[in-house]
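To convert, count from 1 in the sequence shown and add 65; that's the numbering used here.
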Amino acid sequence: MSIELATGTKPHTHGLGEVPPKTKSQLLRSFEPADFPALTGREEDWRYTPVKRLAGLDDTETAPAAKAAEYAIRSLPAGVTAEAVGKDDKRLGSILTPFDRPSAVAWAKTEKALLVSVAPETQVAEPVWLDVTGGGLDGATWAHTYIEVGHHADVTLIVRHTGLARLGDNVEISVGDGAHLRLVAVAEWDREATHVEHQKARLGRDAKLDHIAVTLGGDLVRQYLSVDYAGRGGSVDAFGLYFADAEQHLEHRQLVDHSVPDCHSNVNYRGALQGDTARTVWVGDVLIQDAATGTDTYEINRNLVLSDGARAISVPNLEIETGEIVGAGHASATGRFDEEHLFYLQSRGIPEAEARRLVVKGFFNEIIQKIPDEDLREELTELVVARLDAGKFLAPEDIEAGATA
């Protein structure tokens, strides 16, 4: 099935500078691009992003693509529908209000949205696949997707991005009371693609979201996931895997806003880098508001630097406004291969190249095993190994660990 979309108290923080998530998310929210100043790269939220490589996705004057990216649902099981809806649909914009310029541009340039809806109490046994295929680099595509999971429904949605595109899009995610959504977003773009995306999820009472982001392709990919809660007992587990090669810029940001009691969040992202000028950015913001008693939250980011010249930036931020919580913590680590692991494997007759494969596969295995589709797990493991084999590595003692913020 193919859907045609038109283009068109003091906060406790760690990391580079103080970036209180609550202040950041509330600085400015608007659907109007003109309300946001042009990006310079000096803004706090953009200082790690090479804004000159945004391919015009932050500019309303950028020409639309001659062939827009295509959104296609492979099959629709019972209880699941997909349709194009106009901007006058009241659901659009009810969850996500842009808080940066590219998101506002994507809203302004989009005339229709893809609505994927799962009926209440529907139990979908097999994953629903949404393929996003780029139409080329001649101009830009802007898009909007609204994912609606009715109360007590259970579904897995896999969104796979391939081909060449300059895509700026917004994704709104509504998970109803007692519902469970497993959302897998795979950025497997061709090397020259650019993708800037804002995903915003809202969880109902006792709702659960398993969010898994896998980013391997593209020249520049920047994904911003923000989450809030509409009722007690909401739970989000956000996992991420990224592997940056030479000259790639892969950036992931999260903002988890705990505003109601007794909710849970867990963020676990892992990345690897190889090749000169490979860059990754991870910024994880968690806010526990004063009313959010009983919150249980943790976030961690780990990066494995495989060659000289690669750089990983990792910034966890945590703001706590109440002491009546179950737990809150964060961690960040960036380093090279574990020499003890390599020595152990080599001492048992495993060649160095194969030992490195095993270490990297083990590093990513925890995240890959979260993907609820066996064929996709195997395929992504093969892609990681193929990329690893294509790299040229220095001796462990010569590898610089990049920069951790």
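Note that CB positions come from ideal geometry on N, CA and C, so glycine has one too. All values reported here derive from a predicted model rather than from experimental measurement.
- Put simply, the segment 307-326 does not touch the segment 167-177. Fewer than three CB pairs are less than 8 Å apart.
- Taking the C-beta atoms as reference points, A205 is found no nearer than 8 Å to A250.
- When secondary structure is reduced to three states using DSSP, E126 falls in the coil class, being assigned neither helix nor strand.
- Uninterrupted beta strand (DSSP E) stretches at least 3 residues long and entirely within the segment 185-227 occur at 193-198, 206-214, 219-227, given in chain order.
- The Cβ-Cβ distance between G201 and K132 falls below 8 Å.
- The beta-carbon separation of N331 and Y294, rounded to 14 Å, does not stay under the 8 Å limit for a contact.
- Annotated three-state conformation of D310 is coil, per DSSP.
- DSSP places G305 within a strand segment (E or B) once states are collapsed to three.
- Burial state of E443 is exposed, judged by a 10 Å Cβ sphere holding fewer than 16 other Cβ atoms.
- Bounds of the alpha helix (DSSP H) holding V450 are 439-455.
- Around the Cβ of A130, a 10 Å sphere holds 16 or more other Cβ atoms; the residue is buried.
- For S168, the enclosing alpha helix (DSSP H) has its first and last residue at 166-174.
- Under DSSP, E135 takes part in a beta bridge, and its partners are T198.
- A distance below 8 Å between beta-carbons, with the five flanking residues on each side excluded, links D327 to the following residues of its chain, in chain order: R297, G298, T358, G359, T360.
- A distance below 8 Å separates the beta carbons of V351 and V321.
- Residue burial annotation: V391 is exposed, with fewer than 16 other C-beta atoms found within 10 angstroms of its C-beta.
- Listed in chain order, the non-local C-beta contacts of S182 below 6 Å within the same chain comprise T146, E213, local neighbours out to five positions each way being set aside.
- Taking a cut-off of 8 Å for Cβ pairs, the segment 224-242 and the segment 184-196 touch, as three or more such pairs fall below it.
- Within 10 angstroms of the beta-carbon of R107 lie fewer than 16 other beta-carbons, which makes it exposed.
- Pairing A252 with G215 gives a Cβ-Cβ distance that is not under 8 Å.
- T210 sits away from L248, with the two beta carbons spaced by 8 Å or more.
- Look at the segment 240-309 and you find these whole runs of beta strand (DSSP E), each 3 residues long or longer: 245-252, 259-268, 273-280, 285-294, 300-309.
- Only residues of its own chain outside the window of five on either side were considered, and among them none has a CB closer than 7 Å to the CB of E126.
- When C-alpha distances from D110 are compared across D124, A420, W347, G269, the shortest belongs to W347.
- A393 is positioned such that its CB atom lies no closer than 8 Å to that of I365.
- Look at V391 here: in three-state DSSP terms it is coil, with no helix or strand label.
- With a threshold of 16 other beta carbon atoms within 10 Å, G388 falls short and is exposed.
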